[in-house]
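Working notes for the structure below.
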Amino acid sequence: MLKIFTFLALLNQCNCAPANTSTNGDVAPCLKEFYQPAYDGIYNCTKEFDFFVENSTSEIFKSGKSCFLQIAEEECSVSQYNLLSTRYQDFLDVITKKPKNESDCENFHFKYNAIKCQPLMDDLGLKDAVLQKRHTKINDSRVLELIDLCDNALTCMSSNCYYFKTEVSIVSAFCETVKMSNSEFKACEWKIERESPDLSEYECLEGDDFYDPAILNKYRFYTKMKDCTKEIMMDICGEKAVVGFEKYAELSADFLIKAAKMQRAMSEVMDEDGSENDEEDD
């Protein structure tokens, strides 16, 4: 299955709608440089000001002005810092006040507020990549932390129309699979993957390879051949593994569909980039 950081890498490439012109300039590059160290807590002043709390942007950027500018001075270009420090009120108006036309999702207000979601999604991808290499137990603290992080990232994206609905849908589907990872269903999947028991006696497989990692193959075992999957899981892990089976199978299939679409979209983006590079070389 595709990992979430693959999705996030593509979201970075695809979510590139042009912003409207603004009298106080586009400081998005500086905000990108600001939010990551603010999220990581590299600067002591961020302990006092949480720039990632939802619905508190106005108050935080007012009371935390000195902290914000301290980080911006260190992390941003001189021109971007000078723009912010000399026209801070203009910046504050843009980032805290919604435009009259709230459907204008390319507006700087939405663009600036969307940038703060990126460190959460990056962290989500990194933590998921680590857990993918481990077979965690039910209620493992790392899984519970990932579930909370996923909810926060999704809330951040959902509250801002700068992100396309398809992007939010993909992350939402992933968050459901994260929550599913804290279930007996997922624990059984990991057990089967880890131990790779001989499944040749199962006639319901009809000669297919249950362990084939291809997305289409996995999808079939959650849809047309889900009864076979359920039988295998129940035999190997017991009744507890198939509690809520229909729900988990549907979620898994839905995520795989989105994974396939995203994989195809990423391939197209890479092909386009390759073509552009070839033209430049010519």
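Going by mature numbering (1 follows the signal peptide of the UniProt record, and there is no 0), the letters in the sequence shown line up with residues -16 to -1, 1 to 266, in that order. For glycine and all other residues, C-beta sits at the position ideal for the given N, C-alpha and C.
Can you list, in chain order, the residues of its chain whose CB lies under 6 Å from that of Tyr23, leaving out five sequence neighbours each side?
Numbered from its first residue, the sequence shown carries residue 23 at position 39. Cβ neighbours of Tyr23 beyond the five flanking positions: Pro103.
Does the Cβ of Met217 have 16 or more other Cβ atoms within 10 Å, making it buried, or fewer, making it exposed?
Residue 217 sits at position 233 when you count from the first residue of the sequence shown. Its Cβ being crowded by 16 or more others within 10 Å, Met217 is buried.
Could I get the ranges of all uninterrupted alpha helix (DSSP H) runs contained in the segment 200 to 227, with 4 residues as the minimum, in chain order?
You should have 210 to 221.
Where do the ends of the alpha helix (DSSP H) carrying Ala198 lie?
The sequence position of residue 198 within the sequence shown is 214, counting from 1. No alpha helix (DSSP H) contains Ala198, which DSSP labels as neither H nor E.
Compare the Cα-Cα distances from Glu32 to each of Ile44, Lys224, Leu183 and Gln247 and report the closest residue.
If you number the sequence shown from 1, residue 32 lands on position 48. It is Ile44.
By the three-class DSSP mapping on this structure, what secondary structure does Ser6 have?
Against the sequence shown, residue 6 aligns to sequence position 22. Since pLDDT at Ser6 reaches only 37, below the 50 mark, its modelled position is unreliable, and the value read off the structure follows with that caveat. Ser6: coil per DSSP, three-state reduction.
If we ignore side chains and look at the alpha-carbon of each, how far apart do Lys155 and Leu138 end up?
In the sequence shown, the residue the question calls residue 155 occupies position 171. In the sequence shown, the residue the question calls residue 138 occupies position 154. Reading off the sequence shown, one finds Val at residue 155, where the question assumed Lys. Taking the straight line joining both Cα atoms gives about 7 Å.
Taking the alpha carbon of Ser47 as the point to measure from, which residue in Ser61, Asn66, Pro21 and Leu76 has its own alpha carbon closest?
Position 63 of the sequence shown, counting from 1, holds the residue named residue 47. Here the closest residue by C-alpha is Leu76.
Tell me the rounded alpha-carbon separation between Ser167 and Gln116.
Looking up residue 167 in the sequence shown gives position 183. Looking up residue 116 in the sequence shown gives position 132. The alpha-carbon atoms of Ser167 and Gln116 are separated by roughly 15 Å.
Hey, out of Ala171, Glu179 and Asp211, whose CA is closest to Glu190's CA?
Residue mapping note: residue 190 aligns to position 206 of the sequence shown, counting from 1. Ranking Ala171, Glu179 and Asp211 by Cα distance to Glu190 puts Asp211 first.
Is the CB-CB distance between Ile131 and Val152 below 7 Å?
The sequence position of residue 131 within the sequence shown is 147, counting from 1. The sequence position of residue 152 within the sequence shown is 168, counting from 1. Not in contact: Ile131 and Val152 (Cβ atoms no closer than 7 Å).
From Ile99 to Gln20, what does the alpha carbon distance come to, in whole angstroms?
For this step, residue 99 is matched to residue 115 along the sequence shown. For this step, residue 20 is matched to residue 36 along the sequence shown. C-alpha separation (whole angstroms): 10 Å.
Give me the Cα-Cα distance between Glu160 and Glu234, rounded to the nearest whole angstrom.
As a first step, residue 160 is located in the sequence shown; it is residue number 176 there, counting from the start. As a first step, residue 234 is located in the sequence shown; it is residue number 250 there, counting from the start. For Glu160 and Glu234, the distance between alpha carbons rounds to 11 Å.
Round the Cβ separation of Thr41 and Asn123 to the nearest angstrom and send it over; I've been treating them as touching at under 8 Å.
Residue mapping note: residue 41 aligns to position 57 of the sequence shown, counting from 1. Residue mapping note: residue 123 aligns to position 139 of the sequence shown, counting from 1. Thr41 to Asn123, Cβ: 34 Å. No contact.
Compare the beta carbon distance of Tyr203 and Ala237 with 7 Å and say whether it is the shorter of the two.
To locate residue 203, count along the sequence shown from 1; it is residue 219. To locate residue 237, count along the sequence shown from 1; it is residue 253. Closer than 7 Å, so yes.
Counting along the chain, where does the alpha helix (DSSP H) carrying Cys140 start and finish?
Reading the sequence shown from its first residue, position 156 is the one you call residue 140. First-last of the alpha helix (DSSP H) with Cys140: Ser125 to Ser142.
Could you have a look at Phe52 and say whether DSSP puts it in helix, strand or coil?
As a first step, residue 52 is located in the sequence shown; it is residue number 68 there, counting from the start. Three-state DSSP puts Phe52 in a helix.
Give me the residue from Val11, Val78, Phe35 and Gly25 with the minimum Cα distance to Val62.
If you number the sequence shown from 1, residue 62 lands on position 78. Nearest of Val11, Val78, Phe35 and Gly25 to Val62, Cα basis: Val11.
Note down the Cα distance separating Asn201 from Gly9, rounded to an integer number of angstroms.
Translated into the one-based positions of the sequence shown, residue 201 becomes position 217. Translated into the one-based positions of the sequence shown, residue 9 becomes position 25. About 50 Å.
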